[in-house]
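S.K.: Order-wise, the sequence lines are chains Z and E. So for the first sequence, this note's numbering puts the first residue at 1; every next one is plus one. So for the second sequence, this note's numbering puts the first residue at 170; every next one is plus one. Okay, handing you the structure first.
Number of protein chains: 2
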Amino acid sequence: MSTRKGRKAHRQDLLTRLWDLGRIMSTQTVFLHQAIAQSVGLNATDTKCVDLILRGPHEAVTAGWLSNVTGLTTGAVTHILDRLEKRGIVERVRDTSDRRKVFVRVRQDRLEPLIPQYEAIGKAYLRLVEEYSDKELKLICEYLERVSALSESELAKIISARRSREYKG
Amino acid sequence: MSTRKGRKAHRQDLLTRLWDLGRIMSTQTVFLHQAIAQSVGLNATDTKCVDLILRGPHEAVTAGWLSNVTGLTTGAVTHILDRLEKRGIVERVRDTSDRRKVFVRVRQDRLEPLIPQYEAIGKAYLRLVEEYSDKELKLICEYLERVSALSESELAKIISARRSREYKG
DNA sequence: TCAGATATCTGCATTGTTAAGATAAATGCC
DNA sequence: GGCATTTATCTTAACAATGCAGATATCTGA
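Below, the structure is given as C-alpha cells:
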C-alpha cells in the first residue's frame, strides 16, 4: 500500500470518504423518510415519533419524554399525538398514580396496514447484507452502534444547550 | 460458535440488529439534523438542499433538479431558494444560453460562519473512527456506499411512483 | 405561432412555536 | 395535619413557517 500514495494519505482518504458519506446519508435520510411517511399519509416527524414510542424505555411513554428526546416543544408533541390518535395509531392513557402524566401507547394492530410499504426496501436491504460474513456484519453492527450513541449524545447536548439559553434570554 | 445458539440463529440476530439500527439511526437523523439546522437559524430541509447543491452534478444546479432529487414540489423549492438567497447562502444565476433556466450556486464564503457548529460533532466522530484499522474502515465505507446507493434508488422509486399516480388521478 | 419545458406566484393546508392556562403533585411553613 | 406556594405535565390558542396544488409567466425550438 505504498505504490503512489503513502499509508497516511490513504488513511486520510478513507476518513474524508467516511465523513462525506455521513453527510450524504443524512441528507438522503431526511428526504427519503419524508417521502416514505407521505406515502402512508403521515409525515416524517409523526412516523419517527411512533418509532420512538415503540422502542421507548417502557411499553408506554409520556408526552414529556417524547418532547425531551425529540427536541420538539410540548405543544408540538400534543399536536403529533392528536394526529396519531385520530388515525388510531396511538392511544393516550392517563397515569392513575400521577394524573398529570399522559402515557402514550402504540396500537400495533393499527400499524400493520402500514408495514407493506416498508417491506420492499427491507428485502433489498437483506439482499445487500447477505453478501457479508458474520464477522464483517458484527464489525459493521458495532460501528453503527457507536455512531448511533454519538448521535444520541449530540442531540441531547443541543437540546440541553437550548434549554440553558432559554433561561438567560 | 455453536455453544448455545446455532450459527444460523447467530446470523439472524445480526440481521435483526442491523435492521433495527437502521430504524434507530434514521429516527435520530431526522431529529438531530432538525436540531442542528435550527441552531444556525435554518431548518433541516434548507440545510440539506444546500448540501445537495454543493455535491450536485455540476457546480451549479437548477431548481427543477432540486425538486427532482428531493421529491419536493417546485413551489417548495422556490420558497427554499428564497429563504437561502435572503440569507445570502445561495445565489440564482440565469443561464445565458438557455434563458429558461435558473442556476443556483452556493456562496461558500457565506457558509463558513456556520461551520463551527459542525466541527464539534466532527471531532467526536474522528475520535471514534480512529480506533479502526484501514482495512476495517474500507469495509465500512463500502458497506455505507451500498446502503447509500440503495436509499437513493428507493427515493427515486417513490418519487417516480408518485408522479405516475398523479397522471391517473 | 404553438407545443413543451421550466420557473415562479398565489392561495391554502399542514406543521411547529410561543405564550398562556389548566390541572395535578410536591414542597414548605405554620 | 392543613393551606399556600412552587413545580411538573399537558393542552389550548394565536401566530409563523413550511410545503402543496394549481395557475401563470417565460423561454426554446419546431
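Backbone N, C-alpha and C fix where the C-beta goes; we use that ideal spot for every residue, glycine too.
1) So the candidates are 204/E, 193/E, 315/E, 305/E; which of them puts its Cα closest to the Cα of residue 127/Z?
2) Got a sec, what are the start and stop residues for the alpha helix (DSSP H) residue 199/E sits in?
3) Quick check on residue 305/E: does DSSP put it in helix, strand or coil?
4) Expressed to the nearest angstrom, what Euclidean distance is found between the alpha-carbon atoms of residue 96/Z and residue 103/Z?
5) When you compare the stretch 147 to 167 of chain Z with the stretch 102 to 121 of chain Z, are there three or more beta-carbon pairs, one atom per stretch, that lie closer than 8 Å?
6) If you pair each beta-carbon of the stretch 23 to 41 of chain Z with each one of the stretch 181 to 198 of chain E, do three or more pairs fall below 8 Å?
7) Among residues of its own chain, excluding the 5 on either side of residue 215/E, which ones have a beta-carbon nearer than 8 Å to its beta-carbon?
8) Measure the alpha-carbon distance for residue 237/E versus residue 246/E and round it to whole angstroms.
9) Mind reading off the beta-carbon distance from residue 321/E to residue 139/Z? Whole number of angstroms is fine, and I expect it under 8 Å.
10) Answer with buried or exposed for residue 242/E, where buried requires no fewer than 16 other C-beta atoms within 10 angstroms of its C-beta.
11) For residue 307/E, which residues in chain Z fall below 8 Å Cβ to Cβ?
12) To the nearest whole angstrom, what separates the beta carbons of residue 144/Z and residue 190/E, a pair I think is in contact under 8 Å?
13) By the 10 Å Cβ neighbour count, where 16 or more other Cβ atoms means buried, how is residue 175/E classified, buried or exposed?
14) Got a sec: is the Cβ-Cβ distance from residue 316/E to anything in chain Z below 8 Å?
15) Below 8 Å CB to CB, which residues in the same chain sit around residue 231/E once its five sequence neighbours on both sides are set aside?
16) What residues in the stretch 225 to 240 of chain E have a beta carbon less than 9 Å from any beta carbon of chain Z?
17) With a threshold of 8 Å between beta-carbons, can residue 9/Z be considered close to chain E, or not?
18) Secondary structure at residue 321/E, three-state DSSP: helix, strand or coil?
19) Report all residues from its chain with a CB closer than 7 Å to the CB of residue 91/Z; omit the five preceding and five following residues, and keep chain order.
20) Short of 8 Å in beta carbon distance, which residues of its chain neighbour residue 132/Z, apart from the five on each side in sequence? Order them along the chain.
21) Once DSSP output is grouped into helix, strand and coil, what is the label at residue 142/Z?
22) Alpha carbons only, please: which of 218/E, 282/E, 229/E is nearest the one belonging to residue 240/E?
23) Alpha carbon to alpha carbon, how far is residue 235/E from residue 10/Z? Give it in angstroms, no decimals.
24) Which ranges does the beta strand (DSSP E) cover as unbroken runs of at least 3 residues, wholly within the stretch 88 to 142 of chain Z, from first to last along the chain?
25) Helix, strand or coil: how does DSSP classify residue 73/Z here?
26) How long is the line joining the alpha carbons of residue 64/Z and residue 112/Z, rounded to whole angstroms?
27) Taking 8 Å as the threshold (C-beta atoms), are residue 60/Z and residue 93/Z in contact?
28) In the DSSP assignment, find the unbroken alpha helix (DSSP H) run with residue 44/Z in it and report its ends.
29) Could you pull out every residue in the same chain whose Cβ sits closer than 8 Å to the Cβ of residue 258/E, ignoring the five residues on either side in sequence?
30) Using beta carbons (cut-off 8 Å, strictly below), is residue 254/E in contact with chain Z?
M.R.: Once the coordinates are examined:
1) 315/E
2) 176 to 208
3) helix
4) A direct Cα-Cα distance of roughly 10 Å separates residue 96/Z from residue 103/Z.
5) no
6) yes
7) 206, 249, 252, 253
8) 10 Å
9) Incorrect: roughly 24 Å between the Cβ atoms, too far for contact.
10) exposed
11) 14
12) 5 Å
13) exposed
14) By the rule that beta-carbons nearer than 8 Å mark a contact, residue 316/E touches chain Z.
15) 270, 271, 272, 273
16) 238, 239, 240
17) no
18) It is helical.
19) 85, 105, 107
20) 140
21) helix
22) 218/E
23) 33 Å
24) 90 to 94, 102 to 106
25) coil
26) 26 Å
27) Result yes, Cβ atoms of residue 93/Z and residue 60/Z sit closer than 8 Å.
28) 44 to 54
29) 219, 275, 276, 279, 280
30) no
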